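First comes the structure, then the notes that go with it.
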Amino acid sequence: DNELKALAEAIQSKSGPWNAEPLVPGAKSTGATVQVTNPADRRQTVGSYVTADSATVDKALANAVNAQHAWDRLPAASRAAILEHAAEQLEARRGEFIALCVREAGKSLPDAIAEIREAADFLRYYATMARRLFGHPEQLPGPTGESNQLFLNGRGVFVCISPWNFPLAIFLGQVSAALAAGNAVIAKPAEQTSLIGYVAVKLLHEAGVPADVLQYLPGDGATVGAALTRDPRVAGVAFTGSTETAWAINRALAARNAPIAALIAETGGQNAMIADSSALPEQIVKDVISSAFQSAGQRCSAARVLFVQEDIADKVSAMLAGAMAELKVGDPGQLSTDVGPVIDEDAKKILVDHAARMDKEAKKIGEVTLDPATTGHGTFFAPRAYEIPGLATLTREIFGPVLHVIRWKADELPKVVEQINATGYGLTLGIHSRIDDTVEFIQSRARVGNCYVNRNQIGAVVGVQPFGGEGLSGTGPKAGGPHYLLRFAGERTLTIN
Ligand code: NAD
1160 DNELKALAEA IQSKSGPWNA EPLVPGAKST GATVQVTNPA DRRQTVGSYV
1210 TADSATVDKA LANAVNAQHA WDRLPAASRA AILEHAAEQL EARRGEFIAL
1260 CVREAGKSLP DAIAEIREAA DFLRYYATMA RRLFGHPEQL PGPTGESNQL
1310 FLNGRGVFVC ISPWNFPLAI FLGQVSAALA AGNAVIAKPA EQTSLIGYVA
1360 VKLLHEAGVP ADVLQYLPGD GATVGAALTR DPRVAGVAFT GSTETAWAIN
1410 RALAARNAPI AALIAETGGQ NAMIADSSAL PEQIVKDVIS SAFQSAGQRC
1460 SAARVLFVQE DIADKVSAML AGAMAELKVG DPGQLSTDVG PVIDEDAKKI
1510 LVDHAARMDK EAKKIGEVTL DPATTGHGTF FAPRAYEIPG LATLTREIFG
1560 PVLHVIRWKA DELPKVVEQI NATGYGLTLG IHSRIDDTVE FIQSRARVGN
1610 CYVNRNQIGA VVGVQPFGGE GLSGTGPKAG GPHYLLRFAG ERTLTIN
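Letter 192 of the sequence shown, counting from 1, is numbered 1351 in the working numbering, and no numbers are missing.
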């Protein structure tokens, strides 16, 4: 707690403004300047950034093509050492990064601190994996007189397109993996968190990544993102964001008259938690509250639906309503805050429209009351819980603090799993049960990437809980897992007589 208080005070002194522009050697963008305001109080300016114009996008691609070979020829251990140095610098300067995560992304202090830790973990993990995988060619058996070796190398120019909800961890995770594997990288941050992306790229430059090997291109997805993904010079795209955008990127890559690019897409979910009557109601409620409402529900892993067995459903609903009444929504820079703002007006409108529909069609279980004094100038949305008849009521991912509760009867477990699989999404699943057979039944049939038993279903430790979805939720391989780097790599077999 004392450390948190010290950090809270430290970030108060880092007030900005932060100003950013494309980082592309040899180009000066004449794109529009975008003002960035604080989601918790729209009267506060955080900074501004200049978007990349089309000449800057083109120059970045040309620079990347020219720079990639030399970077790829460096020993993997040298690239790894640069990433590890960046991790140290990130931790040394964490006050600035935490301040930006709070002000630009509306993250709570604990979330912002966790974000810095996860970003540093990604830098170190991919450095370690690069040493292990890329450091030496694999010698393969072959006919006498011939030597056969398998080399891993960078694919070429990799574009990294990231979301705003983990503006540092996912951003640096993608970028560090692509760099570790020997690619030249063009990083396109989310529109809402372009300043964090800028400071992160500067950090990597200062740690030793050459300016033409890692370039930063802020701007709209539909213009800058689309221009990058339709360019034939791009050999791969690492994308995290909505399923709809992943489809658009996939189409753009496929329409090119160019070598087929690698696409790593980590996308949305319709995540459920299943609780049976052997589970402890207190534990279910504690875990579903953090899974659904922490980070204002703006995590891809967040629980959107709680399937609760009928016998304990009334008790769980009453406890849920009670626990929600205790949640404090407000300034994410205050340690007493549980739930901060949502990212912008567009996100809020989707939630308001969804709540209006649920108010008519569903039974409200709980709603947090907002204090206008602390939330009146920001994009806040009060957490809510509704009871609904079935998953078919939800037609899209609701990316915010709304939980839906569905009751099930003892013989309906197979149908519950079928409903979840029928959404086509497959990111996270929570199971609360003290019956081993039930846990086994669910986890072996549900088509999801990450399954969490008797705990909350958010958070994945890099290198320990590789994270990523199936079906509409992503292509794999899992971020923070041992196979992730391989998708960023090409392979060459060298046979010498
Ligand atoms: P988004 O799809 O709107 O945007 C993501 C990025 O794509 C942004 O940088 C945006 O500018 C860019 N983009 C938009 N249109 C583009 C186009 N036509 N071509 C190229 N790039 C384009 O998503 P978001 O709102 O930033 O993030 C929230 C979504 O991300 C949710 O669906 C969430 O579930 C998902 N997400 C998934 C994971 C995961 O690991 N599976 C992690 C975090 C977030």
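Glycine residues also receive a C-beta, built at the ideal position from the N, C-alpha and C atoms. A quick note: this is a predicted structure, and the numbers were derived from the prediction, not measured.
Check: Spatial distance of residue 1484 from residue 1499 (CA atoms); Outcome: 15 Å
Check: Complete beta strand (DSSP E) runs within the region 1241-1327 (minimum length 3 residues, chain order); Outcome: 1297-1299, 1306-1313 and 1316-1320
Check: Close Cβ partners of residue 1489 (< 7 Å) along its chain, the five nearest in sequence each way excluded; Outcome: 1496, 1530, 1533 and 1534
Check: Between the CA atoms of residue 1251 and residue 1613 - distance to the nearest angstrom; Outcome: 36 Å
Check: Residue from 1205, 1201, 1296 and 1176 with nearest C-alpha to residue 1235; Outcome: 1296
Check: Cβ pair count under 8 Å reaching 3, the region 1432-1440 against the region 1458-1477; Outcome: yes
Check: Cβ-based burial, residue 1519 [other Cβ within 10 Å; buried from 16]; Outcome: exposed
Check: Collapsed DSSP secondary structure at residue 1654 in the structure displayed; Outcome: strand
Check: Three-state secondary structure (DSSP) of residue 1631; Outcome: coil
Check: Runs of alpha helix (DSSP H) lying entirely within the region 1566-1602, each at least 4 residues, in chain order; Outcome: 1572-1581
Check: Whether residue 1576 touches residue 1567 by CB criterion (8 Å); Outcome: no
Check: Helix, strand or coil at residue 1201 [DSSP, three-state]; Outcome: strand
Check: Cβ neighbours of residue 1517 in the same chain (closer than 6 Å, five flanking residues each side left out); Outcome: 1545
Check: Other residues of its chain near residue 1225: CB distance less than 8 Å, five sequence neighbours each side excluded; Outcome: 1371
Check: Nearest-angstrom Cα separation, counted from residue 1193 out to residue 1425; Outcome: 27 Å
Check: Extent of the continuous beta strand (DSSP E) to which residue 1399 belongs; Outcome: 1393-1399
Check: Straight-line Cα distance separating residue 1179 from residue 1666; Outcome: Lying before the first or after the last residue shown, residue 1666 is absent from the chain, which here runs from 1160 to 1656.
Check: Residues near residue 1362 by beta carbon distance below 7 Å, same chain, minus five either side; Outcome: 1245, 1248 and 1249
Check: Reference residue 1386; option with closest CA among 1507, 1340, 1441 and 1218; Outcome: 1218
Check: Option in 1382, 1542 and 1522 with minimal Cα separation from residue 1487; Outcome: 1542
Check: Cα-Cα separation, residue 1629 to residue 1607; Outcome: 6 Å
Check: Any non-hydrogen atom of the ligand NAD closer than 7 Å to residue 1553 Cβ; Outcome: no
Check: Rounded distance between the beta-carbons of residue 1318 and residue 1210, thought under 8 Å; Outcome: Not really, about 16 Å apart at Cβ, beyond 8 Å.
Check: 6 Å Cβ shell around residue 1507 - same chain, five flanking residues per side excluded; Outcome: 1501, 1538 and 1540
Check: Cβ neighbours of residue 1260 in the same chain (closer than 8 Å, five flanking residues each side left out); Outcome: 1266, 1270, 1271, 1274, 1275, 1326, 1327 and 1355
Check: Inter-stretch contact at 8 Å, needing at least 3 Cβ pairs: the region 1323-1342 / the region 1180-1190; Outcome: no
Check: Residues of its chain near residue 1597, where Cβ-Cβ distance is below 6 Å and the 5 sequence neighbours each way are ignored; Outcome: 1435
Check: Opening and closing residue of the beta strand (DSSP E) in which residue 1544 lies; Outcome: 1543-1546
Check: Any 3 or more C-beta pairs closer than 8 Å across the region 1413-1421 and the region 1393-1405; Outcome: yes
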